[in-house]
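Colleague: Before we start, here is the structure in question, set down as structure tokens.
Numbering (the UniProt record's numbering), first residue to last: 1 to 88.
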């Protein structure tokens, strides 16, 4: 059941849009190009298995873990679906 001006599929459209945004964001952060042999942050050797598993890898496991912790602030909150954003 729709309420107000929203159509019956509005909730599902918002969910689909949120998922598409998250997938696009994740894909944009994937490494591209040739894998490095040494970490660009600490110059440690990147194992061959890691270079083959992740094409375009640029960081060793330790530096990648630190990078991931620093970028964990993304909450995934969708402002387009927020009532606050619609009131402004």
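A virtual CB, placed ideally from N, CA and C, is assigned to each residue, including glycine. This structure is a prediction, so every number in the text was calculated from the model and none was measured.
1) Could you tell me the distance, in whole angstroms, from the CA atom of residue 10 to the CA atom of residue 22?
2) With a CB to CB cut of under 7 Å and the five nearest residues on each side skipped, what residues in its chain are close to residue 60?
3) By the 10 Å Cβ neighbour count, where 16 or more other Cβ atoms means buried, how is residue 37 classified, buried or exposed?
4) Sorted by chain position, which residues of the same chain lie with C-beta nearer than 6 Å to residue 28's C-beta, five sequence neighbours on each side aside?
Modeller: In terms of the structure at hand:
1) Those two C-alpha atoms are separated by around 18 Å.
2) Taken in chain order, the residues that qualify are 39, 42, 44 and 46.
3) It counts as exposed.
4) Its chain contains no residue whose beta carbon lies nearer than 6 Å to that of residue 28 once the 5 sequence neighbours on both sides are disregarded.
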